[in-house]
Amino acid sequence: MEVVSVGASYMMEAVGVRRDCKMDLQPPPPTTYTPPHRLTRHPSRPPGCRGGHSSKTTERSCCGGIFWDNTERRWKPAAIYMQVIGPKRRALTPLRVFRGVICLLVLLSTALMMLVCIGFLTAVVMRLFSIHYSRKFTSFFFGIWLALWPFLFEKINKTKVIFSGETVPARERVLLMANHRTEVDWMYLWDLALRKGRLGYIKYILKSSLMKLPVFGWSFRIMEFISVERKWEVDETPHAPNALDL
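Each step along the sequence shown adds one to the number in full-length UniProt numbering, with nothing skipped, and position 118 is 118.
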């Protein structure tokens, strides 16, 4: 299963998913989500995709997409609601600063080690003999490293992640378009991929500028992420509204 996250909500219409992300879903149980009036929402965004931060540090996002139904042998639309509930905001103490620095150092050091030691062997050396096994081993080791993030989210930071909506089958191809309400909602999709057993196969469509980042940009290239150019001068042309008809 390759989970592709696209930070562009208008692309939902290309796969038949409405922008309001309702998709004939039953409303979430009252015990699952914070009531809508406790969440903040930008006035220009549809009510079906409420999200943001509240005094309870509750964040809600929704993703529209399609998944491959292996039984019916066809692509089917899906909508997934994601709610992240974290602890209340507290004063920034030296202990929390130290913990944050340690977590950051662990992620950066392991990322560099994976890139230099393992990434070179799997993505360069092994690719000379077999492209298939090169991608397999790269995805395997990438998934092991990426599992650190859900561990830090849910165990260290005591964050509770709740997924609801339509069930995404495990070990199948899935295309997800997140409405990208916050800077980290795409990272919480790793929790979903981890639960589906396909964390190492996740792919992203991201800005080309991110491919130039040291260490992480190199990893994006090894993992074959797709880069796109985002320029308003080009996107606002009259041909842009017809792009979904292609």
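Cβ atoms here follow ideal geometry from the backbone N, Cα and C, with glycine treated the same way.
Asked                                                                                                                                                                                   : Found
Might you give, ordered along the chain, the residues of its own chain that have their beta carbon closer than 6 Å to the beta carbon of Phe220, omitting 5 neighbours on each side?    : Met211
Could you name the residues of the same chain whose beta carbon sits closer than 7 Å to that of Leu95, not counting the 5 residues immediately before and after it, in chain order?     : none
Shortest alpha-carbon distance to Met168 belongs to which of Ile156, Phe151, Lys231, Lys196?                                                                                            : Per the sequence shown, residue 168 should be read as Val rather than Met. Cα-wise, what sits closest to Val168 is Lys196.
Is there at least one Cβ from chain D nearer than 8 Å to Val228's Cβ?                                                                                                                   : No chain D is part of this structure, which consists of one protein chain only.
Exposed or buried, Trp232, counting other C-beta atoms within 10 Å across all chains shown (16 or more means buried)?                                                                   : exposed
For Ile226, collect the residues of the same chain with a Cβ closer than 6 Å to its Cβ; drop the 5 residues on either side in sequence, then sort them by chain order.                  : Ile205
Nearest by alpha-carbon distance to Cys103: which of Arg74, Leu146, Leu152, Phe140 is it?                                                                                               : Leu152
According to DSSP, simplified to helix, strand and coil, what is Leu199?                                                                                                                : helix
Under DSSP, the alpha helix (DSSP H) around Phe137 begins and ends at which residues?                                                                                                   : 131-146
Met114 by DSSP, collapsed to three states: which one?                                                                                                                                   : helix
DSSP puts residue 247 in a beta bridge; with which residues?                                                                                                                            : No statement about residue 247 is possible, as the shown extent of the chain runs from 1 to 246 and does not include it.
Under 8 Å, with one C-beta from each stretch per pair, do the region 186-194 and the region 141-155 reach the 3-pair mark?                                                              : yes
Could you tell me the alpha carbon to alpha carbon distance between Asn157 and Val116, rounded to whole angstroms?                                                                      : 29 Å
Exposed or buried, what is Val174 when buried is set at 16 or more other beta-carbons lying within 10 Å of its beta-carbon?                                                             : buried
Looking only at its chain, what residues have a beta carbon closer than 8 Å to the beta carbon of Phe216, apart from the 5 residues adjacent to it on each side?                        : Ala111, Leu210
Rounded to a whole number of angstroms, what is the C-alpha to C-alpha distance between Leu199 and Leu92?                                                                               : 32 Å
Let me know the secondary structure DSSP gives Leu175 once reduced to three states.                                                                                                     : strand
Give every residue of the same chain whose Cβ lies closer than 6 Å to the Cβ of Arg230, excluding the five residues on either side of it in the sequence, and list them in chain order. : Lys207
For Ala123, which residues from the same chain have a beta carbon less than 8 Å from its beta carbon, with the 5 sequence-adjacent residues on both sides left out?                     : Ser134, Thr138, Ile222
Rounding to the nearest angstrom, what Cα-Cα distance links Val228 and Phe98 in this structure?                                                                                         : 36 Å
Please check the pair Lys203 and Glu224, which I expect to be a contact at CB under 8 Å, by giving their CB distance rounded to whole angstroms.                                        : 7 Å
Tell me which residue opens and which closes the beta strand (DSSP E) that Gly217 is part of.                                                                                           : Counting along the chain, Gly217 falls outside any beta strand (DSSP E), though it belongs to the alpha helix (DSSP H) covering 216-222.
Express the C-alpha separation of Leu194 and Ile118 in angstroms, rounding to a whole number.                                                                                           : 21 Å
Reducing DSSP to helix, strand and coil, say where Lys212 ends up.                                                                                                                      : helix
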